[in-house]
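To start, the structure under review is shown below, and the notes come after it.
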Amino acid sequence: MDFAQDEWDFLLSFYQFGFAVQAAATEMGLYLTMAKTLFNTLTDINTRPGPFEFYTAEALWADEHTSEKMLEFHLNDAIDLSSRNKAFISRSVDWIVSHFGVGPGTSVIDLGCGPGFYAALFAENQADVTGVDFSKKSIEFARSAATEKNLNIDYRQANYLEFETDKQFDLITMIFCDFCALSPKQRAVMLNKMFVWLKPGGKVLLDVYALPLFDNKSEDASYEVNQLNGFWSADDYFGFVNTFKYEQEKVTLDKYTIVEKERTQTIYNWLQYFSKDSIRSEFAAHGFEIEAFYSDVAGSAFSAESNEMAVVARKRLCSPE
Ligand SMILES: C[S@@+](CC[C@H](N)C(=O)[O-])C[C@H]1O[C@@H](n2cnc3c(N)ncnc32)[C@H](O)[C@@H]1O
Numbered sequence: 000m001d002f003a004q005d006e007w008d009f010l011l012s013f014y015q016f017g018f019a020v021q022a023a024a025t026e027m028g029l030y031l032t033m034a035k036t037l038f039n040t041l042t043d044i045n046t047r048p049g050p051f052e053f054y055t056a057e058a059l060w061a062d063e064h065t066s067e068k069m070l071e072f073h074l075n076d077a078i079d080l081s082s083r084n085k086a087f088i089s090r091s092v093d094w095i096v097s098h099f100g101v102g103p104g105t106s107v108i109d110l111g112c113g114p115g116f117y118a119a120l121f122a123e124n125q126a127d128v129t130g131v132d133f134s135k136k137s138i139e140f141a142r143s144a145a146t147e148k149n150l151n152i153d154y155r156q157a158n159y160l161e162f163e164t165d166k167q168f169d170l171i172t173m174i175f176c177d178f179c180a181l182s183p184k185q186r187a188v189m190l191n192k193m194f195v196w197l198k199p200g201g202k203v204l205l206d207v208y209a210l211p212l213f214d215n216k217s218e219d220a221s222y223e224v225n226q227l228n229g230f231w232s233a234d235d236y237f238g239f240v241n242t243f244k245y246e247q248e249k250v251t252l253d254k255y256t257i258v259e260k261e262r263t264q265t266i267y268n269w270l271q272y273f274s275k276d277s278i279r280s281e282f283a284a285h286g287f288e289i290e291a292f293y294s295d296v297a298g299s300a301f302s303a304e305s306n307e308m309a310v311v312a313r314k315r316l317c318s319p320e
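Given below as structure tokens:
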């Protein structure tokens, strides 16, 4: 069959039109698939896990990049973020030293010691001090500060949930509400360890978040490019934070989803809030008696309105059930 030129032209443009339609449809399909994937990703980001379902404290505190940033926060006296300010710490140590008789012949272990602000001051009061923290950066800082001041402190880089020692102490401290970041099971592990590590009659001092703070919290979701000024990575990232509240359990979660070019990570920052009764019964179940409640670890009088409370717990003479 012979085709005239204009018939060829018509056939060609017909095929070209067909290809264009097909390409457009493929592109649209691609967009639809991408939109679906993005929808699914955002759904995951906004999903509420079960209380304390995941534990990612190392990514928050001990990761190569975040631990560097955390150390900057510890050392920045203008913000009470990783450690409280120096004036508070000095007041707090003065109270601890006089209340617990910290001095020559007493032994103290500071769990989650960070860069050793408390540990160094206990050691300056001649106590025998051990500091435990899983942040390499903080422990390195603490060790070199101790060397500079000629203080003999036994710093250990370890997860305190796994740390073992044969030594027994007069006082165990865990300061700045670290206990609240642990699940009920982890807190049971910690309290069992504390019981074993204490000499008879030895005491625990720790602070926790209280219910007035829980009541003021609300759920939220936000997104920021390079959230928290590059806290999560040296590379560019998109940071999402979802705050969830668990009314019944008195728990909150800040769930961070950090999307980088090569990886996406989710970091869970859990906090348990306590009443006098809830912390008393938790300690009682592990062989402790609460001796006193305060509003902070500087011995301020207890107030029911306070956002935090400090507890002094004494090891009972008989072992826990
Ligand atoms: C809020 S900071 C308080 C630091 C210090 N107590 C202070 O008040 O200056 C909590 C510290 O606990 C450490 N930490 C958190 N979870 C830990 C764990 N499971 N094992 C060991 N250290 C931990 C962190 O690295 C951080 O230094």
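Counting in numbering that gives the first Met the number 0, the sequence shown runs from 0 upward without gaps. The beta carbon of each residue, even a glycine, is placed where N, CA and C say it ideally should be.
Minimum C-alpha distance to residue i - residue among the options
i: residue 244; options: 259, 220, 230; result: 220
i: residue 204; options: 261, 226, 292; result: 292
i: residue 150; options: 64, 39, 121; result: 121
i: residue 164; options: 269, 286, 197; result: 197
i: residue 62; options: 281, 279, 233; result: 233
i: residue 312; options: 294, 304, 278, 301; result: 278
i: residue 89; options: 128, 115, 69, 104; result: 115
i: residue 130; options: 147, 107, 146, 95; result: 107
i: residue 109; options: 84, 138, 103, 86; result: 138
i: residue 218; options: 192, 200, 229, 246; result: 246
i: residue 252; options: 47, 262, 39, 148; result: 47
i: residue 74; options: 93, 144, 44; result: 144
i: residue 249; options: 49, 316, 78, 191; result: 49
i: residue 190; options: 97, 287, 153; result: 287
i: residue 146; options: 158, 123, 133; result: 123
i: residue 284; options: 80, 186, 216; result: 186
i: residue 136; options: 76, 166, 214, 67; result: 67
Residues near residue i by beta carbon distance below 6 Å, same chain, minus five either side
i: residue 51; result: 182, 269
i: residue 274; result: 210
i: residue 266; result: 55, 58, 59, 255
i: residue 222; result: 239
i: residue 179; result: 207, 208, 270, 271
i: residue 53; result: 267
7 Å Cβ shell around residue i - same chain, five flanking residues per side excluded
i: residue 235; result: 225
i: residue 302; result: 294
i: residue 193; result: 171, 203
i: residue 258; result: 236, 237
i: residue 148; result: 119
Residue interval of the beta strand (DSSP E) (run including residue i)
i: residue 159; result: Unbroken run through residue 159: none, as it is neither H nor E.
i: residue 276; result: No beta strand (DSSP E) contains residue 276, which is instead part of the alpha helix (DSSP H) from 275 to 283.
i: residue 174; result: From DSSP, residue 174 is part of no beta strand (DSSP E); its letter is neither H nor E.
i: residue 251; result: 250 to 259
i: residue 66; result: No beta strand (DSSP E) holds residue 66; the alpha helix (DSSP H) holding it covers 63 to 74.
Residues near residue i by beta carbon distance below 8 Å, same chain, minus five either side
i: residue 307; result: 176, 206, 207, 208, 209, 212, 294, 295
i: residue 202; result: 99, 169, 170, 171, 290, 311, 312, 313, 314
i: residue 0; result: With a pLDDT of 46 at residue 0, under the threshold of 50, the predicted position of this residue should be treated as unreliable, though the coordinate-derived value follows. Once the five neighbours on either side are set aside, residue 0 has no close Cβ partner at all.
i: residue 65; result: 58, 59, 230, 231
i: residue 141; result: 112, 113, 114, 115, 118, 119, 130, 132, 152, 154
Residue i, enclosing alpha helix (DSSP H) - first and last residue
i: residue 194; result: 183 to 196
i: residue 93; result: 85 to 99
i: residue 56; result: 56 to 60
**Asked** Where in the segment 118 to 151 do unbroken runs of the alpha helix (DSSP H), each at least 4 residues long, occur, reported from the N-terminal end onward?
**Response** 135 to 147
**Item:** Start-end ranges of the alpha helix (DSSP H) lying completely within the segment 209 to 248, minimum 4 residues
**Value:** The alpha helix (DSSP H) runs of length 4 or more contained entirely in the segment 209 to 248 are, from start to end of the chain, 210 to 215, 226 to 229.
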